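Residue numbers (this note's numbering): 34 to 354. All C-beta atoms in this analysis are idealised placements derived from N, C-alpha and C, irrespective of residue type, glycine included. Keep in mind the model is a prediction, meaning the values are calculated, not measured.
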């Protein structure tokens, strides 16, 4: 049976190889600390399979180690040897629109595996573990897409995939881990009862029959918590447990489906405004080598404010029809 652990091992091996390649680069100014960062990440992904049979506190030590390395600015980009601009232009001209085939392979294979492979049974057991078909499908799709890219482009040397992966990771840096860290933060907030405490405060602040005030607090809270945590999915259970469900649904009779859909859109307005949403707002400037890494956020803020206002109006109208 193929489980999600296989994907974690694959990712862990990739990060570990990136760390080793950095350690073997004598021209890298921060090669030892940078290598330690990525090797710790790779080892953590692999080690997690053995918890709780092995001590979980070692994972905590690894996370603290990575946080210290990143916090003290001990990561950085090296001078990765890769293809030049002329070579890339020539390859793009030769390949044409077929360059999109490897990228389009990933969603296509992911859908096929997640929908079809669940029906495959070997020895009386399903080929893919339940509840992990999509994640496993994504891992398989990535491997298939890599094979398609090699067959299509025939890169030399064959290690170009690892080298380019290292270049992208070093360009993004520690921000590549923010989505995973923030998802964990949202879970911790929920387990700690932050939503319950926010709800208790809101009940004292929001007038009992003021739909307008309750909607404004709900929408602004979704955007605000998203700005703090960088993830609207992490903000949703907190604000919904505090205001969305007890006040707007149970007390004021709002229809849950449109209410919660608009609440998520309000949270996404916060996503446009925060560097904590690293994969949306920090990764593109890093990959494009923009001088101002916050330029994208500055451009998005006016749109986010207008959209948040529109969402508040929609939330006042549609869930109560």
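Query                                                                                                                  : Result
Neighbourhood of residue 333 by C-beta, 8 Å cutoff - its chain only, sequence neighbours within 5 removed              : 305, 306, 314
Residue 127 - DSSP class collapsed to helix/strand/coil                                                                : helix
Cβ pair residue 140, residue 185 closer than 8 Å                                                                       : no
Other residues of its chain near residue 227: CB distance less than 6 Å, five sequence neighbours each side excluded   : 271
Pick from 263, 81, 248, 200 that is closest to residue 312, judged by C-alpha positions                                : 263
Own chain partners of residue 301 with C-beta closer than 6 Å, once the 5 adjacent residues on each side are dropped   : 265
Sequence-distant residues of the same chain with beta carbon closer than 7 Å to residue 215, five excluded per side    : 262, 263, 264, 267, 309
Burial state of residue 344 (16 or more Cβ within 10 Å)                                                                : buried
DSSP state of residue 154 mapped onto helix, strand, coil                                                              : strand
Runs of beta strand (DSSP E) wholly within the segment 175-261 (minimum 3 residues, chain order)                       : none
Boundaries of the alpha helix (DSSP H) in which residue 162 is found, first to last residue                            : From DSSP, residue 162 is part of no alpha helix (DSSP H); its letter is neither H nor E.
Cβ neighbour criterion (16 or more within 10 Å) applied to residue 323                                                 : exposed
With 16 other Cβ atoms within 10 Å as the buried cut-off, status of residue 240                                        : exposed
Close-in-space but distant-in-sequence residues of the same chain around residue 69 (CB under 8 Å, 5 per side omitted) : 52, 98, 102
Rounded C-alpha distance that separates residue 58 from residue 64                                                     : 7 Å
Same chain, Cβ closer than 6 Å to residue 79, five either side skipped, listed in chain order                          : 42, 45
Inter-stretch contact (C-beta, 8 Å, three-pair minimum) for the segment 112-121 and the segment 82-92                  : no
Expected contact under 8 Å - CB spacing of residue 225 and residue 316 to nearest Å                                    : Incorrect: roughly 29 Å between the Cβ atoms, too far for contact.
For residue 164 and residue 85, the rounded distance between their alpha carbons                                       : 21 Å
Cα-Cα separation between residue 108 and residue 72, rounded to whole angstroms                                        : 12 Å
Residue 144 classed as buried or exposed, judged by whether at least 16 other C-beta atoms fall within 10 angstroms    : exposed
Alpha-carbon to alpha-carbon, residue 289 and residue 278                                                              : 8 Å
Alpha-carbon spacing of residue 199 relative to residue 125, whole angstroms                                           : 21 Å
Closest Cα partner of residue 257 within the set 338, 353, 48, 104                                                     : 338
C-beta atoms of residue 149 and residue 39 nearer than 8 Å                                                             : no
CA-to-CA distance, residue 350 to residue 243, given in whole angstroms                                                : 14 Å
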